[in-house]
């Protein structure tokens with residue numbers, strides 16, 4: 594009789610545990626999504642988060658991104674020094690906006706240029722943590738793109754020697770000065786921001802984070818967004 598009672602109590606306890614487990618399983622997916630989203634948002638808004646300390650990584654990434662263009666710039670300089678002004682002007686007009694164009698394409702596709710990928714950092718949306726949209730990528734590199742286009746237009750005007758386009762040559766000279774000044778000022782602004790957001794990050798609504806620490810959260814947030822849609 595005692596054994597029967599013990600077995601009955603054991604079966605009753607097992608049923609209760611099974612019921613609790615089934616109940617937890619019913620709400621577990623939503624709980625994981627909420628925790629993942631909250632964890633990522635907490636990391637975004639935490640001023641001292643290590644994943645935002647990316648100033649050195651950004652500088653190195655920018656240098657890596659510019660490396661492929663160095664030989665092309667040297668070729669354009671050689672063409673100009675050899676008297677091939679037309680070829681040099683065309684090459685400069687193409688090269689001036691090209692780095693910004695490449696950055697827009699790569700940031701909108703995965704949040705990383707080749708340099709950022711090598712340095713383990715990524716650009717994400719400041720609010721959701723997902724990869725930046727095409728509009729955000731365009732806004733982020735917009736100043737460099739516009740200035741590069743002005744330089745290119747000015748070079749073409751100088752090459753063609755059209756007097757009616759003299760203003761373009763003047764604007765090209767101004768853009769050659771403003772472009773590096775903007776890059777330095779925008780990057781220096783990140784030093785005074787708790788989350789190391791540069792001016793172009795604030796303009797586009799993005800933030801740069803360390804990929805190794807936050808990539809799982811980025812993927813989870815994107816998965817949640819797709820599932821909600």
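Residue numbers (the numbering used here): 594 to 822.
Cβ coordinates follow ideal geometry from the N, Cα and C atoms, glycine included.
* **Unbroken alpha helix (DSSP H) run spanning residue 658, endpoints** => Here residue 658 is taken as the residue at index 65 of the chain shown, counted from 1. Element bounds for residue 658: 648 to 659.
* Hey, residue 708 and residue 655 are a contact pair by Cβ (cut 8 Å); roughly how many whole angstroms apart? -> Start at 1 with the first residue of the chain shown, and residue 708 comes out as number 115. Start at 1 with the first residue of the chain shown, and residue 655 comes out as number 62. About 6 Å; that satisfies the 8 Å criterion.
* Decide yes or no for the touch test of the region 725 to 739 against the region 685 to 703: beta carbon pairs closer than 8 Å, at least 3 of them. => yes
* Asked: Using a Cβ-Cβ cut-off of 6 Å (strictly less than) and excluding sequence neighbours within five positions of residue 736, which residues of its own chain qualify?
  -> Taking the chain shown and counting its residues from 1, one reaches residue 736 at position 143. Closer than 6 Å at Cβ, skipping near neighbours: 775.
* **CB of residue 750 within 8 Å of CB of residue 762, strictly** => Looking up residue 750 in the chain shown gives position 157. Looking up residue 762 in the chain shown gives position 169. Yes, Cβ-Cβ distance for residue 750 and residue 762 is below 8 Å.
* Can you tell me which of 650, 718, 748 puts its alpha carbon nearest to the alpha carbon of residue 702? => On the chain shown, position 109 is the one that residue 702 refers to. It is 718 whose Cα lies nearest to the Cα of residue 702.
* **Per-residue DSSP class, three states only, for residue 788** => As a first step, residue 788 is located in the chain shown; it is residue number 195 there, counting from the start. Three-state result, residue 788: coil.
* Keeping to the same chain, check which residues put their C-beta closer than 8 Å to that of residue 771; ignore five residues upstream and five downstream. => The count along the chain shown starts at 1 and reaches residue 771 at position 178. Once the five neighbours on either side are set aside, the close Cβ partners of residue 771 are 740.
* **Selected residue, minimal CA-CA separation from residue 797, among 804, 768, 724** => Taking the chain shown and counting its residues from 1, one reaches residue 797 at position 204. When each option's Cα is compared against that of residue 797, the closest is 724.
* Asked: Apart from the five residues on each side of it in sequence, which residues of its chain come closer than 7 Å, Cβ to Cβ, to residue 673?
  -> Stepping through the chain shown from its first residue, residue 673 is reached at position 80. Counting only Cβ-Cβ distances below 7 Å, and skipping sequence neighbours, we find 681.
* Asked: From what residue to what residue does the alpha helix (DSSP H) around residue 752 run?
  -> Here residue 752 is taken as the residue at index 159 of the chain shown, counted from 1. Per DSSP, residue 752 belongs to the alpha helix (DSSP H) from 727 to 753.
* **Rounded straight-line distance, which links the Cα of residue 658 to that of residue 706** => Here residue 706 is taken as the residue at index 113 of the chain shown, counted from 1. Here residue 658 is taken as the residue at index 65 of the chain shown, counted from 1. Their backbone Cα atoms lie some 7 Å apart in a straight line.
* Asked: Do residue 788 and residue 713 have their C-beta atoms within less than 8 Å of each other?
  -> As a working note, residue 788 is residue 195 in the chain shown. As a working note, residue 713 is residue 120 in the chain shown. No, Cβ-Cβ distance for residue 788 and residue 713 is not below 8 Å.
* Compare the C-alpha of residue 711 against each of 779, 650, 661 and name the closest. => Numbered from 1 along the chain shown, position 118 holds the residue referred to as residue 711. Nearest option by C-alpha distance: 650.
* Pairwise C-alpha distance: residue 670 and residue 676 -> For the purposes of this step, residue 676 is taken as residue 83 along the chain shown, with counting starting at 1. For the purposes of this step, residue 670 is taken as residue 77 along the chain shown, with counting starting at 1. When rounded, the distance between both Cα atoms is 10 Å.
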